[in-house]
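K.L.:
In the working numbering, the protein residues as written are 682 to 839.
Here it is as structure tokens:
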């Protein structure tokens with residue numbers, strides 16, 4: 682059981698580190714500054730939209746499944762009749778639901794990455810890192826390291 686939990690947790694962490702889903706940039710390819718920074722072509726934007734909309738129904742279902750699994754775990758934890766097995770099963774179901782969601786997000790990201798040229802992908806990663814750095818600064822958190830020097834700045838939504 683511990684090996685399964687460790688495997689699922691590792692899979693979740695890996696998928697999350699590769700791509701945190703829509704995240705703070707949302708549909709990033711629709712932002713004019715990102716389009717300009719990456720040099721996105723109209724055909725690439727259309728392909729990214731197609732991928733996004735193809736995956737969204739299943740991602741929504743998976744997000745709903747995570748919410749239900751979280752609720753089941755909360756209910757098991759708050760029950761007057763404490764049942765270790767029920768709690769462990771509910772926790773396992775929650776981890777499995779999260780893993781399915783992250784794997785689907787990763788699949789969408791891999792499809793999107795195929796649309797981009799290698800240099801566009803690298804620029805996107807720099808933008809995401811700079812955005813994360815700025816978010817941490819705004820929220821009073823100390824970033825582990827500075828944004829890439831000379832890299833593109835993330836778009837400002839104002």
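Here a beta-carbon is modelled for each residue, glycine too, at the ideal position from N, C-alpha and C.
On a predicted model such as this, the values are computed, not experimentally measured, just so you know.
Go ahead and label residue 820 buried or exposed: buried means 16 or more other beta carbons lie within 10 angstroms of its beta carbon, across all protein chains shown.
P.N.:
Looking at its Cβ environment, which holds fewer than 16 other Cβ atoms inside 10 Å, residue 820 is exposed.
K.L.:
How about residue 719 and residue 775: are their beta carbons less than 8 Å apart?
P.N.:
No, the pair does not count as a contact, with Cβ atoms beyond the cut-off.
K.L.:
Look at the alpha carbon of residue 797 and the alpha carbon of residue 713, and state the distance between them as a whole number of angstroms.
P.N.:
Whole-angstrom Cα-Cα distance: 16 Å.
K.L.:
Grab me the residues of residue 750's own chain with a C-beta within less than 6 Å of its C-beta, minus the 5 sequence neighbours each way, in chain order.
P.N.:
Same-chain partners within the cutoff: 774, 775, 778.
K.L.:
Do you know offhand how far residue 632's Cα is from residue 731's?
P.N.:
In the structure as shown, the chain starts at 682 and stops at 839, and residue 632 therefore has no counterpart that could be examined.
K.L.:
Quick check: the Cα distance between residue 769 and residue 812, rounded to an integer number of angstroms?
P.N.:
Approximately 37 Å between the Cα atoms of the pair.
K.L.:
Do you know whose CA, among 711, 715, 733, lies nearest residue 790's CA?
P.N.:
Of 711, 715, 733, the residue nearest in Cα terms is 733.
K.L.:
Three-state secondary structure (DSSP) at residue 812?
P.N.:
DSSP places residue 812 in helix when its eight states are reduced to three.
K.L.:
Among 715, 762, 783, 785, which has the Cα closest to the Cα of residue 808?
P.N.:
Closest by alpha carbon: 715.
K.L.:
Can you give me the C-alpha to C-alpha distance between residue 787 and residue 710, rounded to a whole angstrom?
P.N.:
Cα to Cα, residue 787 sits roughly 17 Å from residue 710.
K.L.:
In three-state terms, what does DSSP make of residue 820?
P.N.:
Of the three classes helix, strand and coil, the one that applies to residue 820 here is coil, per DSSP.
K.L.:
Span of the alpha helix (DSSP H) holding residue 770?
P.N.:
Unbroken alpha helix (DSSP H) run through residue 770: 765-796.
K.L.:
For the alpha helix (DSSP H) containing residue 724, list its first residue and its last residue.
P.N.:
From DSSP, the alpha helix (DSSP H) with residue 724 extends over 723-759.
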